[in-house]
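Mapping of the sequence shown onto this note's numbering: residues -9 to 302, in sequence order.
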Amino acid sequence: MAHCGGNPVGAVKLLAGEIAAAPAAPEAYAALGELRRDRRAELEEGLEGDVSLSSVPAQAYFLFLDGDMDNAVMALGSVTGVRPDVAWGGAPWFGDARFLDAVSAEALAEACLRTLDYGHDLNTAAMRDRFAPWFHAVEVVSERSPVPESLAAMSRLPRACGRYDLAFALCDRADAVDRVMWTEVARAGTWRAMGDMDQTAAAFERALALDVTNWSLYLDLADVRALQGDFAAAVSLVDQGLRHEPHDVTLRAAGAAYRTRLAGSADDLRDLIALAPKLANTSYRDLLIDCACAGPGLPPSLVAEARGVGAR
-9 MAHCGGNPVG AVKLLAGEIA AAPAAPEAYA ALGELRRDRR AELEEGLEGD VSLSSVPAQA
51 YFLFLDGDMD NAVMALGSVT GVRPDVAWGG APWFGDARFL DAVSAEALAE ACLRTLDYGH
111 DLNTAAMRDR FAPWFHAVEV VSERSPVPES LAAMSRLPRA CGRYDLAFAL CDRADAVDRV
171 MWTEVARAGT WRAMGDMDQT AAAFERALAL DVTNWSLYLD LADVRALQGD FAAAVSLVDQ
231 GLRHEPHDVT LRAAGAAYRT RLAGSADDLR DLIALAPKLA NTSYRDLLID CACAGPGLPP
291 SLVAEARGVG AR
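Written as C-alpha cells, this is what we have:
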C-alpha cells in the first residue's frame, strides 16, 4: 500500500492529516486499518506516549478497532478541544452502532468536557453543524445509560454550542433517574448562559437543598445575587459558606467585596486588597475589585490602591 512505505509512524501521521482535511471520508480509515494489521507492533512502539495532533485522531480509531470505546472517545474529545474547527465527530466510527452501544456514559461525559478545555467559542451555527455527531452520541448514550452525574457533565457541551434545549433535556433525563446536586448546577449554568439570573438562582437554591454543606454552592449563589444587585443576600450567603469552609480565600475575598459594596466599609476593602493577590482566577478577582470599588463613600486613595491590585 502506498501509504505504508518504510515508516509506519510517518504513514499514520500522513493519514491523520488526511482525516483532519476530511474527517468523514472513509479512505484514510481503511488505510489505517490495513496499516495496523500489517505493522501493529511497530506502530504500538512508535506511537507510545505520542499525544500530538498529528497522531491522536488515528490512535482514536485504533482504540475503536480494539474495542476500547471509552479511550477512543476521550482521545477524540481531546483533539476536538484543540481544534474544534475540524469536524472530528464526522469520523465514520464515531456514529457506528458498535461504538454507540458500548461507550460508557462516564467516558462520553469526560470527552464532552475535553472538547471545552481550551475555551473556544462554540456558540455558532457552523460549530453546531460540526458537533451534530456529538449531540447524536449524547442522545443515544444518555437514553441507554442515564447516569445523572454524567448527563450533567454532558450537558455542558450542548450549552456551550447554544443547544440549550438539549442541555435542559439531559438534565431532565437525569432527574428522572435520581435528583443530584450536579444536575441543578448544570441547569444553573445553562440558565446563566441564557442570561436568566432568576432561573439561575432558583437552580442553585435547589442544588443547595441537595447538598447543604457545599461551600462553593453558597459562593455561586452569592455571585448571582450580586449580579442581581442584592448585596445583602450575597453577604449572607458568603457568611453561610464560611461556616462550612472558614479558611477559603475565594469565599473570604468575595465576602469582603460584597460587604464593601453594600456598606462602603474601608476595612473590608483593605481586607480585599490583602486577599486579592492570592486569588488564582484573575478575572474573578478583577470582578470582585470592580464590585467593591463601586461601594458608597470609599476613600479615593483606597479605591486607587484596590484598582492597582487588579491591574497587576
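Cβ coordinates follow ideal geometry from the N, Cα and C atoms, glycine included. Note that this is a predicted model, so its numbers are computed, not measured.
- Glycine 39 carries a coil assignment under DSSP once its states are collapsed to helix, strand and coil.
- Within 10 angstroms of the beta-carbon of alanine 264 lie fewer than 16 other beta-carbons, which makes it exposed.
- The residue from Pro13, Ala197, Gly7, Asp40 with its alpha-carbon nearest to that of methionine 171 is Ala197.
- Where serine 140 is concerned, the enclosing alpha helix (DSSP H) starts and stops at 138 to 144.
- Measuring C-alpha to C-alpha distances from phenylalanine 84 to each of Arg73, Ala65, Asp75, Glu96 identifies Ala65 as the nearest.
- By the beta-carbon neighbour count (other beta carbons within 10 angstroms, threshold 16), serine 273 is exposed.
- Boundaries of the alpha helix (DSSP H) harbouring serine 68: 59 to 72, taken from the DSSP string.
- Taking 8 Å as the cut-off, the Cβ atoms of leucine 262 and alanine 284 do not count as close.
- Taking C-beta separations shorter than 7 Å and ignoring five residues to either side along the sequence, the partners of asparagine 113 in its chain run Ala150, Cys151, Gly152, following chain order.
- Counting C-beta pairs closer than 8 Å gives fewer than three between the region 181 to 191 and the region 159 to 167, which falls short of the contact rule.
- A residue is called buried when at least 16 other Cβ atoms come within 10 angstroms of its Cβ; arginine 146 meets this threshold and is buried.
- Nearest in C-alpha terms to aspartate 280, of all of Asp238, Glu8, Ala216, is Ala216.
- When C-alpha distances from leucine 141 are compared across Val214, Ala101, Ala115, the shortest belongs to Ala101.
- Between the C-alpha atoms of proline 82 and alanine 178 there is a straight-line separation of about 34 Å.
- Valine 228 sits in a helix when the DSSP states are folded into three classes.
- Membership of phenylalanine 158 in the alpha helix (DSSP H) is indicated by the continuous run 154 to 167.
- Under the 8 Å Cβ criterion, the region 86 to 94 counts as touching the region 124 to 140, having at least three qualifying pairs.
- In the DSSP assignment, proline 267 falls outside any alpha helix (DSSP H), carrying neither H nor E.
- The beta carbon of glutamate 8 sits closer than 6 Å to the beta carbons of Ala18 from its chain, once the five residues preceding and following it are set aside; these are given in chain order.
- In the same chain as alanine 253, and ignoring 5 residues on each side of it, the C-beta atoms closer than 8 Å to its own belong to Gly285, Pro286, in chain order.
- It is roughly 59 Å from the alpha-carbon of glutamate 24 to the alpha-carbon of valine 299.
- If you check the CB distance, methionine 144 and leucine 209 do not come in under 8 Å.
- Annotated as proximal: alanine 282 and alanine 296, with beta-carbon spacing under 8 Å.
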